[in-house]
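Q: Could you have a look at this structure, given as structure tokens, before my questions?
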Amino acid sequence: MRKGLAAGALARPALALAVYAIFASSLPNYHTAVGVWALLDGSVLTGLVAVGVGLTMIAGELDLSVASMAALAGVLTMRLIGVGAVPAVAVAVAVVAAALFGAAQGYLISWLRINSLVFTVGTLIGLRGVALVAANETTLTLPLDQLSITDAVDGRLFVFSPLSATMLGAFALAGLFASRTIWGREIYAIGGGRAESRVAGVPQRRPIVVAFAACAAFAALAGGLMSIRSGSASPLSFDAALLEAVAACLIGGVALEGGKGGFFGVLMGLFTLRLVLSGIASLGAPFWAQNLAAGLLLIFVIVVETASAAVGRWRERAGARAAIADRGA
Amino acid sequence: MSTVSQGARPALLHGKLARRFFWAAAAAAALALAGWTTPAFLTLDNLFVVVRAASTTGVVAIGMSYVTISGNLFALSAGQLSALLGIVYALLVRAGAGAPAACGATLVAAAGAGAAQGYAMTIVRNPIITTIAFGAVFAGIAALISGNGNIRLHNEIATWIGTMRPLRVPIQSWVFVAWALVSAFIVAKTRVGRLLTLSGENRLAAQASGLRVDRAAAFALAMLGVSCAIVAIFSVSQFSQAKADMFSGLDIDCIASVLVGGVALRGGRGSPVQAALGAALIALLQNFLLLRALPSGVRFAIVGALVVAATSGFHLLQRRER
Chain A
1184 MRKGLAAGAL
1194 ARPALALAVY
1204 AIFASSLPNY
1214 HTAVGVWALL
1224 DGSVLTGLVA
1234 VGVGLTMIAG
1244 ELDLSVASMA
1254 ALAGVLTMRL
1264 IGVGAVPAVA
1274 VAVAVVAAAL
1284 FGAAQGYLIS
1294 WLRINSLVFT
1304 VGTLIGLRGV
1314 ALVAANETTL
1324 TLPLDQLSIT
1334 DAVDGRLFVF
1344 SPLSATMLGA
1354 FALAGLFASR
1364 TIWGREIYAI
1374 GGGRAESRVA
1384 GVPQRRPIVV
1394 AFAACAAFAA
1404 LAGGLMSIRS
1414 GSASPLSFDA
1424 ALLEAVAACL
1434 IGGVALEGGK
1444 GGFFGVLMGL
1454 FTLRLVLSGI
1464 ASLGAPFWAQ
1474 NLAAGLLLIF
1484 VIVVETASAA
1494 VGRWRERAGA
1504 RAAIADRGA
Chain B
3 MSTVSQGARP
13 ALLHGKLARR
23 FFWAAAAAAA
33 LALAGWTTPA
43 FLTLDNLFVV
53 VRAASTTGVV
63 AIGMSYVTIS
73 GNLFALSAGQ
83 LSALLGIVYA
93 LLVRAGAGAP
103 AACGATLVAA
113 AGAGAAQGYA
123 MTIVRNPIIT
133 TIAFGAVFAG
143 IAALISGNGN
153 IRLHNEIATW
163 IGTMRPLRVP
173 IQSWVFVAWA
183 LVSAFIVAKT
193 RVGRLLTLSG
203 ENRLAAQASG
213 LRVDRAAAFA
223 LAMLGVSCAI
233 VAIFSVSQFS
243 QAKADMFSGL
253 DIDCIASVLV
263 GGVALRGGRG
273 SPVQAALGAA
283 LIALLQNFLL
293 LRALPSGVRF
303 AIVGALVVAA
313 TSGFHLLQRR
323 ER
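Chains A and B are the protein sequences, given in the same order. Converting from the first sequence to the working numbering requires adding 1183 to each position, the first position being numbered 1. Converting from the second sequence to the working numbering requires adding 2 to each position, the first position being numbered 1.
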């Protein structure tokens, strides 16, 4: 068990490194600090969304509404800047609003005891609609006199941009929260076994509310930051974010049934995914090929994960059989 | 044992009635409000318009209801699969296969793509993630084989298929109604329909009694695939063109139809007819908002709110039933 855990923890960075090596050998810009900077900066959207989605997946649920939430937050950020808010304040307001919405969503899911996949399909549609209404069905852009803020978030310190540093900070924060705090451990507990955790006295509602609030907040942070970077927000944007975030989590070892995985793993999963996608893009493939690759990668990971789980169960059973045979002899 | 079933029966009946009443009341209220505020809404001509408008979403929603009844929630790949099948059909017709042969080949491909998803989701145990992944692949292949462009058809038989109007009603409306009736029969009266409902009702019990749950999922997804193929064939034939993004947003409308129609999300209960009625209700809503010249964002927001309200409402009713 211990040994398996260590092997898993090593396998994910190794996979990320291997993918990096493959593309770095054919693409010259992958070696340079600027190349790595661009890779990191390109991972921000998926990364921030993956942090939130990862939390709900660990809780044994899944928030499908993240892409719509990110789009809405982007629109909201632009609107607030449009009426004269400081960009940081605009993003913060969007994040807080999203967190409140997410908490309400989590509360309802827990109270109704409804499948979160079903509930969040509704909010996925509804939030997209709200984003469309809020944006008047057009793409919002920054006022011309404010355009300089898009440069401010484009800085470079060694390989980090302000946005990628924020994303890495979010990963560290989520990782510490999930592994070191009681509220975080509760999320693992209810994801690992709902019935067992209830018997053990773990509160059932708080972890769901926390996970969904954090998920919506991180999605909103992603949407807000992206809209500031591009200087525009479209109510129809980010529709591939969910697929990529879930793929990053699954590659990173978060199990679909919940209770498993950590944020270092998700970060490695994110790097693996982004390296493949941006590598494909740098090789000159059209944009839809990225989506195709993400889909294939996701199927591949699911197949490997399922197969390894089946092998694990088989081994366990074989072990139990051997133990019984020993006792018999 | 017998006391349990006797005790459960009135409660079940009560729940069923309550659910029916919930739906009927909601629909009646919506219709009355709409007719009152928009006179053109409650006319016979508009009814035909609504059925035609509901037909595309409706046929796929009927397919989606198989998935829901089989206990696999829904598939998020229907729009992408429809587009892919539309392109396959268009390419086959253009290659000179003849429209009937192209229809047959498209239907076979659809059933295959569906069944593959069904088996995969049984292994993965998460239908949503599985179909998101498959959907991305379908969309990628669709863009790949169409060169991400518009494929135009110049085929008289295809145009005839897409634009015929038996009894002056568009073929799409006929197909929609017929598919709803056929599907209701399959689910309620056939052996495979029983397999579907039993697998959905109680997966573990079905497995324990030797039913092939994976086959139920494969059949359900294959029927969804066939529904996608029907929609793709008629749309491509009618408009004489196919594009990789031609059915974007279809998934969401279908899922909304299934949910608003009140097909039980736990699986095992409900009829494809409910999904068809749900699609009609969504089409009514859309039609109403169109007549009122409201923007599409409002439509999305209302559909989303409707889905949340309907799922929560039906869920609470079902829970009380238990």
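Don't be surprised by glycine CBs; every beta carbon is placed ideally from N, CA and C.
Going along chain A in order, which residues have a C-beta closer than 9 Å to the C-beta of Gly299 of chain B?
A: Arg1311, Gly1312, Val1313, Ala1314, Leu1315, Val1316, Ala1317, Ala1318, Asn1319, Glu1320, Pro1418
Q: For a contact defined as C-beta to C-beta under 7 Å, what are the partners of Thr313 of chain B on chain A?
A: Ile1297, Val1301, Phe1302, Gly1305
Q: Would a check of beta-carbon distances place Val1232 of chain A closer than 8 Å to chain B?
A: no
Q: Do Tyr68 of chain B and Met225 of chain B have their C-beta atoms within less than 8 Å of each other?
A: yes
Q: Would you say Leu109 of chain B lies against chain A (beta-carbon separation less than 8 Å)?
A: no
Q: Do Val228 of chain B and Leu109 of chain B come within 8 Å of each other at the CB atom, strictly closer than that value?
A: yes
Q: Measure from the C-beta of Leu1479 of chain A to each C-beta in chain B and report whether the shortest distance is under 8 Å.
A: yes
Q: What is the rounded straight-line gap between the Cα of Leu1275 of chain A and the Cα of Ser1226 of chain A?
A: Per the sequence presented here, residue 1275 of chain A reads as Ala, with Leu not at that position. Looking at the two C-alpha atoms, the distance is approximately 21 Å.
Q: If the criterion is Cβ atoms closer than 8 Å, does the pair Ala1430 of chain A and Leu1346 of chain A meet it?
A: no
Q: Considering just the uninterrupted stretch of the alpha helix (DSSP H) at Thr165 of chain B, what are its terminal residues?
A: 158 to 165 is the span of the alpha helix (DSSP H), which, as asked, contains Thr165 of chain B.
Q: In three-state DSSP terms, what is Ile1297 of chain A?
A: Ile1297 of chain A: coil per DSSP, three-state reduction.
Q: Listed from N- to C-terminal order along the chain, which residues in the segment 68 to 94 of chain B have their beta-carbon within a distance smaller than 9 Å of any beta-carbon of chain A?
A: Cβ contacts with chain A: Leu75, Phe76, Leu78.
Q: Per the DSSP calculation, Ser1415 of chain A is bridged to which residue(s)?
A: A:Thr1324
Q: Quick one: measure Cβ to Cβ for Val262 of chain B and Leu283 of chain B, integer angstroms, because I've assumed they're closer than 8 Å.
A: 6 Å
Q: Would you list, in sequence order, the uninterrupted alpha helix (DSSP H) runs of no fewer than 4 residues that lie entirely inside the segment 1413 to 1480 of chain A?
A: 1424 to 1434, 1446 to 1465
Q: By how many angstroms is the C-alpha of Gly1358 of chain A removed from the C-alpha of Arg1377 of chain A?
A: Rounded to the nearest angstrom, the two C-alpha atoms are 22 Å apart.
Q: Should the segment 1391 to 1408 of chain A be called in touch with the segment 1260 to 1276 of chain A, which here means at least 3 C-beta pairs below 8 Å?
A: yes
Q: Who are the near neighbours of Gly1309 of chain A in its chain, counting only those whose CB is closer than 6 Å to its CB and skipping five residues on each side?
A: none
Q: Where do the N-terminal and C-terminal ends of the alpha helix (DSSP H) with Pro1345 of chain A fall, by residue?
A: Note, Pro1345 of chain A: alpha helix (DSSP H), 1345 to 1363.
Q: What's the C-alpha gap between Pro172 of chain B and Val233 of chain B?
A: 13 Å
Q: Going by DSSP in three states, Leu15 of chain B sits in which element: helix, strand or coil?
A: Its pLDDT being 47, under 50, Leu15 of chain B is placed unreliably in this model, and the coordinates cannot settle the point.
Q: May I ask you to list the residues that DSSP assigns as paired with Leu1340 of chain A?
A: A:Phe1343
Q: Show which residues of chain B have a CB atom less than 8 Å away from the CB atom of Leu1439 of chain A.
A: The answer, in chain order, is Val126, Arg127, Asn128, Ile131.
Q: Name the residue from A:Glu1369, A:Pro1196, A:Ser1208, A:Leu1351 whose alpha carbon lies nearest to the alpha carbon of Gly1462 of chain A.
A: A:Ser1208
Q: How many whole angstroms separate the CB atoms of Leu1456 of chain A and Ala1477 of chain A, which I take to be in contact at a CB cut-off of 8 Å?
A: 7 Å
Q: At 8 Å on the CB atoms, spell out the chain B contacts of Leu1475 of chain A, in chain order.
A: Those are Ala138, Val139, Ala141, Gly142, Ile143, Ala145, Leu146, listed as they occur along chain B.
Q: By DSSP, does Gln174 of chain B sit in helix, in strand, or in coil?
A: helix
Q: Within the same chain, show all residues whose beta-carbon is closer than 6 Å to that of Arg96 of chain B, passing over the 5 residues directly before and after it, in chain order.
A: none
Q: In terms of residues, what are the limits of the alpha helix (DSSP H) holding Gly1218 of chain A?
A: 1216 to 1225
Q: Taking only the alpha-carbon atoms, compute the straight-line gap between Met1184 of chain A and Ile1507 of chain A and give it to the nearest angstrom.
A: Annotation note: pLDDT 38 at Met1184 of chain A (below 50); position unreliable, no value reported.
Q: Are at least three pairs of beta-carbons, each pair with one atom in the segment 114 to 133 of chain B and one in the segment 1429 to 1445 of chain A, less than 8 Å apart?
A: yes
Q: Taking Ala1286 of chain A as the reference, which of A:Leu1453, A:Leu1458, A:Ala1501, A:Ala1394 has the closest Cα?
A: Closest in alpha carbon position to Ala1286 of chain A, among A:Leu1453, A:Leu1458, A:Ala1501, A:Ala1394, is A:Ala1394.
Q: Contact between the segment 149 to 157 of chain B and the segment 238 to 253 of chain B is defined here as three or more beta-carbon pairs at a separation below 8 Å; is this criterion met?
A: yes
Q: For Gly100 of chain B and Ala1250 of chain A, I'd like the C-alpha separation in whole angstroms.
A: 42 Å
Q: Throw me the rounded Cβ distance for the Leu1291 of chain A and Leu1247 of chain A pair, which I believe falls under 8 Å.
A: 15 Å between Cβ atoms; not a contact.
Q: Quick check: the Cα distance between Met66 of chain B and Val1392 of chain A, rounded to an integer number of angstroms?
A: 30 Å
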